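Let me begin by presenting the structure, written as structure tokens, before commenting on it.
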Amino acid sequence: MHRVNTIIKVDDRENTQQHGQKKLTDLEKHLLNDFQHNLPFVSRPFSEIAKQLGSSEDVVIDTLNNLKEKGFISRVGAVFRANSIGASTLAAMAVPMGELENIAAMVSSYSEVNHNYQREHHFNLWFVVTASDEEALNNILYDIECRSGHPVMSLPMLEDYHIDLGFDLGMDFKHREESGV
Amino acid sequence: MKVNRLPYLSESILSSEDKFDEQDQALIMLIQMGLPISSTPYSDLGKKLAMDENEVLERLKRLSQLNIIKRFGVVVRHHELGYRANAMVVWNIPDKNISKLGLCLGQFDFITLCYRRPRRPPEWPYNLFTMIHGQNRDTVLDNIQFLIKCCGLKKVEYEVLFSTRRFKQRGAIYHKVRAS
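Printed below as a string of structure tokens:
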């Protein structure tokens, strides 16, 4: 599988937000960037990764746990294809600014809502609902309509065109050679 | 207050032979919060399911091959890593061209999602959704121009919906798993 690497990536390092990355070690950068889609399916995957990075299993495990604690990674594991298990949809609402705070909090309170964002548009509240099946999903959407008094526009995924190999963080490796990669 | 009901639709694209069994379901339920970051994570997972390590691995490989698992690895948080700008770019693409253009857009590394979704006329004419993360707004806007040029989208109507506030973000949690 090939991917197009972009020309415009980390083009303005001085004033862009590299804050999060600045303090990272090369090992951390490699762990964040290089293993988003290919965690080895072997008995000791972190030992395998350590070999590739010239590190040790213990250090890799400690570093990953630390990155997780810091909130740089949400988990190590599976990203499921939308709608391959259960039912999900992207929902949008046009909410008056004065009501946004309350309605957003109400929407977020559903455990079935996993993403909830304000966006710059007439449709200003966007959230993803994932439920066990179609009926449960529709019940939640209807519930949100009733409680908010505003219609919910449901936009379920119909086709996925994305090659998901994770996200290239455009990391700047200072010591690529030395880290054995 | 009058609430306009809009049609809900959610289509499954899995065929019947792709369905998974109860053991797969149990594994999916357990793994959705992430793999234990330990020396032998697959074996540790298996212990909770009375499954040996080999079976866990075989099942995960199969779920990956079926593309039920899209990818397996480190899931990063863009915002925390300095990618502060996030835009959902929505395009109104003629139906006959959507697969071609969708596949064109879906191959760029700064795009994290590229989905066809239904139009909801009259208020929502857009049928292709791309998610773009960038370090700032200008990077995202430059990347959009780059996409327009590369995929020949000059005549396509689009809108850029920057996110201004994140109320909630986490992986999906399936309370009950069922093959669709």
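Taken in sequence, the protein lines are chains A and B.
Position one of the first sequence corresponds to residue 1 (our numbering), numbered consecutively onward.
Position one of the second sequence corresponds to residue 1001 (our numbering), numbered consecutively onward.
Backbone N, C-alpha and C define an ideal beta-carbon position, used for all residues, glycine too.
Only a predicted model underlies this, so the values are computations on that prediction, with no experimental measurement involved.
Item to check | Pair within 8 Å by beta-carbon distance, ILE1093(B) and PHE80(A) | outcome: Taking the first residue of the second sequence as 1, we reach residue 1093(B) at position 93. Taking the first residue of the first sequence as 1, we reach residue 80(A) at position 80. Result no, Cβ atoms of ILE1093(B) and PHE80(A) do not sit closer than 8 Å.
Checklist entry - So ILE49(A) packs on PHE35(A), CB below 8 Å; how close in whole Å? => result Reading the first sequence from its first residue, position 49 is the one you call residue 49(A). Reading the first sequence from its first residue, position 35 is the one you call residue 35(A). Confirmed, about 6 Å.
Checklist entry - Can you find a CB in chain B that lies within less than 8 Å of the CB of ILE140(A)? => result Taking the first sequence and counting its residues from 1, one reaches residue 140(A) at position 140. So no, ILE140(A) is outside the interface.
Item to check | Rounded Cβ spacing between LEU155(A) and ARG1117(B) (contact assumed at less than 8 Å) | outcome: Against the first sequence, residue 155(A) aligns to sequence position 155. Against the second sequence, residue 1117(B) aligns to sequence position 117. Rounded, the Cβ-Cβ distance is 4 Å, consistent with contact.
Next on the checklist: Quick check: what's the CA-CA separation for LEU1049(B) versus GLU1055(B)?
Outcome noted: One-based indexing of the second sequence puts residue 1049(B) at position 49. One-based indexing of the second sequence puts residue 1055(B) at position 55. Between LEU1049(B) and GLU1055(B), the C-alpha separation is close to 10 Å.
Checklist entry - Which word fits ARG1165(B), buried or exposed, when buried means at least 16 other C-beta atoms lie within 10 angstroms of its C-beta? => result For the purposes of this step, residue 1165(B) is taken as the residue at position 165 of the second sequence. Exposed, by the Cβ-count rule.
Item to check | Continuous alpha helix (DSSP H) assignments of at least 4 residues falling wholly in the stretch 84-149 of chain A | outcome: 97-108 and 134-148
Checklist entry - Can you list the residues of chain B that LYS68(A) reaches, using a CB-CB cut of under 9 Å? => result Taking the first residue of the first sequence as position 1, residue 68(A) is located at position 68. Simply GLY1034 and ILE1037.
Checklist entry - Taking only beta-carbon atoms, is MET157(A) less than 8 Å away from chain B? => result By 1-based counting over the first sequence, the position of residue 157(A) is 157. Chain B contact via Cβ: present.
Checklist entry - Residues of chain A with a CB under 9 Å from the CB of GLU1094(B): which are they? => result Residue mapping note: residue 1094(B) aligns to position 94 of the second sequence, counting from 1. The residue you asked about is not Glu; residue 1094(B) is Pro in the sequence shown. Those within 9 Å of PRO1094(B) in chain A number zero; the least Cβ separation is about 15 Å.
Checklist entry - Cα-Cα, which of ASN124(A), ALA136(A), LEU39(A) and GLU28(A) is closest to VAL59(A)? => result For this step, residue 59(A) is matched to residue 59 along the first sequence. When only C-alpha atoms are compared, the closest one is GLU28(A).
Next on the checklist: Could you check whether the Cβ of ARG1165(B) sits closer than 8 Å to any Cβ belonging to chain A?
Outcome noted: As a position in the second sequence, residue 1165(B) is number 165, starting the count at 1. Yes, ARG1165(B) lies at the interface with chain A (some Cβ there is under 8 Å from its Cβ).
Next on the checklist: Against chain A, which members of the stretch 1059-1074 of chain B pass a CB distance test of less than 7 Å?
Outcome noted: LEU1060, LYS1061, ASN1067, ILE1068, ILE1069, LYS1070, ARG1071, PHE1072, GLY1073 and VAL1074
Checklist entry - Leaving out the 5 sequence neighbours to the left and right, which residues in its chain are closer than 7 Å to SER55(A) when beta-carbon positions are compared? => result Translated into positions along the first sequence, residue 55(A) becomes position 55. Closer than 7 Å at Cβ, skipping near neighbours: LEU27.
Checklist entry - Which term fits GLN1135(B), buried or exposed, when burial requires 16 or more other beta carbons within 10 angstroms of its beta carbon? => result To locate residue 1135(B), count along the second sequence from 1; it is residue 135. Its Cβ being crowded by 16 or more others within 10 Å, GLN1135(B) is buried.
Checklist entry - Under three-state DSSP, which class holds ILE61(A)? => result Numbered from 1 along the first sequence, position 61 holds the residue referred to as residue 61(A). Helix.
Checklist entry - Using CA coordinates, which residue listed in GLY1073(B), SER1043(B) and GLY1034(B) is at the minimum distance from ASP164(A)? => result One-based indexing of the first sequence puts residue 164(A) at position 164. Considering only alpha carbons, the answer is GLY1073(B).
Checklist entry - Mind checking whether VAL128(A) and HIS115(A) have CB atoms under 8 Å apart? => result Within the first sequence, residue 128(A) is the residue found at index 128, counting from 1. Within the first sequence, residue 115(A) is the residue found at index 115, counting from 1. In this structure, HIS115(A) lies closer than 8 Å to VAL128(A) by Cβ.
Checklist entry - What are the boundary residues of the beta strand (DSSP E) that includes ASN33(A)? => result Start at 1 with the first residue of the first sequence, and residue 33(A) comes out as number 33. Per DSSP, ASN33(A) belongs to no beta strand (DSSP E); it is in the alpha helix (DSSP H), 26-34.
Next on the checklist: Between PRO151(A), LEU31(A) and ASN124(A), which has its C-alpha nearest MET1088(B)'s C-alpha?
Outcome noted: Start at 1 with the first residue of the second sequence, and residue 1088(B) comes out as number 88. When only C-alpha atoms are compared, the closest one is ASN124(A).
Checklist entry - What residues in its chain sit with their C-beta under 7 Å from that of PRO45(A), if we drop five residues either side in the sequence? => result Sequence index remark: in the first sequence, residue 45(A) carries index 45 (1-based). Cβ neighbours of PRO45(A) beyond the five flanking positions: LEU39.
Next on the checklist: Rounded to whole angstroms, what is the Cα-Cα separation between LEU32(A) and PHE1110(B)?
Outcome noted: Numbered from its first residue, the first sequence carries residue 32(A) at position 32. Numbered from its first residue, the second sequence carries residue 1110(B) at position 110. Approximately 15 Å, taken between the alpha carbons.
Checklist entry - Out of SER1064(B), PRO1041(B), ARG1077(B) and ARG1071(B), which has the shortest C-alpha to C-alpha gap to GLU69(A)? => result Numbered from its first residue, the first sequence carries residue 69(A) at position 69. Looking at the Cα atoms, ARG1077(B) is the closest of the given residues.
Next on the checklist: Please confirm whether GLN52(A) has its beta-carbon closer than 8 Å to some beta-carbon of chain B.
Outcome noted: Here residue 52(A) refers to the residue found at position 52 when the first sequence is read from its first residue. Chain B, which has no Cβ nearer than 8 Å to the Cβ of GLN52(A), makes this no.
Next on the checklist: Going by DSSP in three states, ARG176(A) sits in which element: helix, strand or coil?
Outcome noted: In the first sequence, residue 176(A) corresponds to position 176, counting from 1. With a pLDDT of only 40 at ARG176(A), under the threshold of 50, the placement of this residue in the model should not be trusted; the figure read from the coordinates follows. Looking at ARG176(A) - three-state DSSP - the assignment turns out to be coil, as it is neither helix nor strand.
Item to check | Closest by C-alpha distance to LEU1128(B), when choosing among TYR1158(B), THR1112(B) and ASP1142(B) | outcome: Translated into positions along the second sequence, residue 1128(B) becomes position 128. It is TYR1158(B).
Checklist entry - Is GLU112(A) closer than 8 Å to ALA87(A) when the C-beta atoms are compared? => result Position 87 of the first sequence, counted from the start, is the residue given in the question as residue 87(A). Position 112 of the first sequence, counted from the start, is the residue given in the question as residue 112(A). No, the Cβ-Cβ distance between ALA87(A) and GLU112(A) is not below 8 Å.
Item to check | ARG13(A) burial status per 10 Å Cβ neighbour count (16 or more: buried) | outcome: Along the first sequence, one-based indexing puts residue 13(A) at 13. Per-residue confidence for ARG13(A) stands at a pLDDT of 37, beneath the threshold of 50, marking its modelled position as unreliable; the derived number appears in the next sentence. With fewer than 16 other Cβ atoms within 10 Å, it is exposed.
Item to check | Integer Cβ distance of PHE41(A) from LEU1035(B), believed to fall under 8 Å | outcome: Translated into positions along the first sequence, residue 41(A) becomes position 41. Translated into positions along the second sequence, residue 1035(B) becomes position 35. PHE41(A) to LEU1035(B), Cβ: 11 Å. No contact.
Checklist entry - Would you say GLY77(A) faces chain B, with C-beta separation under 8 Å as the test? => result On the first sequence, residue 77(A) is found 77 positions in, with the first residue counted as 1. Yes, its Cβ sits closer than 8 Å to a Cβ of chain B.
Item to check | is_contact[GLY1152(B), chain A] using C-beta, thresh 8 Å | outcome: As a working mapping, residue 1152(B) is identified with position 152 in the second sequence. No, its Cβ sits nowhere closer than 8 Å to a Cβ of chain A.
Item to check | Proximal residues to LEU1027(B) (C-beta, below 6 Å), its chain only, five neighbours per side dropped | outcome: Position 27 of the second sequence, counting from 1, holds the residue named residue 1027(B). If we look at LEU1027(B) and ignore the five residues flanking it on each side, its Cβ neighbours are ARG1059.
Item to check | Expected contact under 8 Å - CB spacing of VAL152(A) and MET97(A) to nearest Å | outcome: Start at 1 with the first residue of the first sequence, and residue 152(A) comes out as number 152. Start at 1 with the first residue of the first sequence, and residue 97(A) comes out as number 97. Incorrect: roughly 18 Å between the Cβ atoms, too far for contact.
Checklist entry - Thinking C-beta only, is THR89(A) closer than 8 Å to LEU137(A)? => result Locating residue 137(A) in the first sequence gives position 137, counting from the first residue. Locating residue 89(A) in the first sequence gives position 89, counting from the first residue. Cβ distance < 8 Å, so LEU137(A) and THR89(A) count as in contact.
Checklist entry - Taking all protein chains shown into account, do 16 or more other C-beta atoms lie within 10 angstroms of the C-beta of THR25(A), making it buried, or fewer, making it exposed? => result One-based indexing of the first sequence puts residue 25(A) at position 25. Answer is exposed; the Cβ neighbour count stays below 16.
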